[in-house]
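All letters in the sequence shown, in the order written, are residues 1 to 289 by the UniProt record's numbering.
C-beta atoms are modelled at their ideal positions from N, C-alpha and C, and glycine is treated no differently.
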Amino acid sequence: MQSLLRPTFRGLNLCGLRSFSSVKVLLNKNINLERELDKLADITASIEQKKIPEVPQDLVDEAHLLSELKNFHPKVMTEHAEIPGLKRPLPLSAELNYYAPFKNKVEYGDLKAEVIFKCYDPRNLEFFCNFALRVAYYLGIPATGPKPLPVRRERWTVIRAPFVHAKSKENFERRTYTRMLRLWDANERVVDTFLAYIKENSVWGVGVKVNMYVREALKPSKQSQEQPGGESRETNGISGALDALSNNSGNPIASKVLDLLQDPAFTRHMSPEELSEVKHMAAKPEDKN
């Protein structure tokens, strides 16, 4: 029995020694880890105690802006998924055609032009209005619309044929669809560029009518008074009209105008110089007689 128990006893002792040795190794590892953590805490505390030089706010903002700009890349195409049948991605400019056109914001409310489109086919009309809005956006013109205007309906009743079917009649109807765009806060040259471009790329069957609004001074400017040859023309008073009457003194209409100018209803609005000139013009025919 003793011989049988000895191996088991030794085995138990060996097992006990192994278990104690493993626990001791784990304790040593934990102690080393705590020491390393303490060293790291001391290092961080010493760093915090040191005075860190302050960085100017401009440099901080610039670095922040540069870090944000790195996240943005110029997008010239859509996702790189290939379109079936084309074997290439769809360009962004082509994809924008499936969305509504962009519009610039109206700031001052200064109306520059009203562009009216008329067409018998509403599909061509909507397409051309969409194109005009995109042109206005890329030229920087604030535009509103397209505003639908009332549809004009025209009907005709005619005979079906001049001989056999002369007693039977048929009706015809034509509908004219209208849309209006308004252009705001733009320079006259930019509006002219817009009109020239849509005229160059016009759509068949769509008519365009433009109402321009131009601001001018109440008093005539020197440039408007000058003739192409460089001579100045008088726009105030009646001297220009009197010169024209003097050239047509034999005309009965000119003599009638002179009689009207001598009426008190007109003479009270004339200056003394103009009144004397009218009397002088009226006295010329009498001198000839």
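- In this structure, the beta-carbon distance from Lys169 to Arg160 falls below 8 Å.
- When rounded, the separation of the alpha-carbon atoms in Asp259 and Pro252 is 11 Å.
- Per DSSP, Lys167 lies in no alpha helix (DSSP H) segment and is marked neither H nor E.
- If you keep only unbroken beta strand (DSSP E) runs of at least 3 residues inside the UniProt domain "Small ribosomal subunit protein uS10" (114-211), you get 143-159 and 169-184.
- If the five residues before and after His165 are omitted, its C-beta is found closer than 8 Å to the C-beta atoms of Ile159, all from its own chain and listed in chain order.
- If you draw a 10 Å sphere on the C-beta of Arg152, you find fewer than 16 other C-beta atoms in it, and that means exposed.
- The beta carbon of Pro162 lies closer than 7 Å to none in the same chain, with the five residues before and after it left out.
- Taking C-alpha positions only, Leu96 is separated from Phe128 by approximately 16 Å.
- In the assembly as shown, Pro142 is a buried residue. Its beta-carbon has 16 or more other beta-carbons within 10 Å.
- Residue environment analysis places Phe172 among the exposed positions, since fewer than 16 neighbouring C-beta atoms fall within 10 angstroms of its C-beta.
- Ranked by how close their Cα comes to the Cα of Pro150, the residues Ala136, Glu107 and Phe117 have Phe117 in first place.
- DSSP links Leu40 through a beta bridge to no other residue.
- CA-to-CA, the gap between Pro272 and Leu218 works out to about 25 Å.
- Per DSSP, reduced to three states, the secondary structure at Lys112 is strand.
- Proximity to Arg182 across Tyr213, Trp156 and Thr193 peaks at Tyr213, based on C-alpha coordinates.
- In the three-state reduction of the DSSP assignment, Pro101 falls in the coil class, being assigned neither a helical nor a strand state.
- Assignment of Pro252 by DSSP, reduced to helix, strand and coil, places it in the helix class.
- Met180 has its alpha-carbon roughly 19 Å from the corresponding atom of Glu200.
- Here the alpha carbons of Trp156 and Leu90 stand approximately 49 Å from one another.
- The three-state reading of DSSP puts Pro272 in helix, counting H, G and I together.
- Taken atom to atom, the span from the alpha-carbon of Phe266 to that of Asp121 is near 57 Å.
- Sorting Leu261, Gly207 and Asn32 by C-alpha distance to the C-alpha of Ala282 places Leu261 at the top.
- By the criterion of a C-beta distance shorter than 7 Å, Asp110 is surrounded in its chain by Trp184 and Asp185, once the five residues flanking it on both sides are discounted.
- Rounded to the nearest whole angstrom, the CA to CA distance from Ser93 to Val203 is 21 Å.
- In the DSSP assignment, Ala265 falls within the unbroken alpha helix (DSSP H) covering Pro264 to Thr267.
- Inter-residue distance for Asn187 and Thr193 is about 10 Å (C-alpha atoms, whole angstroms).
- Ranked by Cα distance from Val257, the first of His269, Val278 and Glu274 is Val278.
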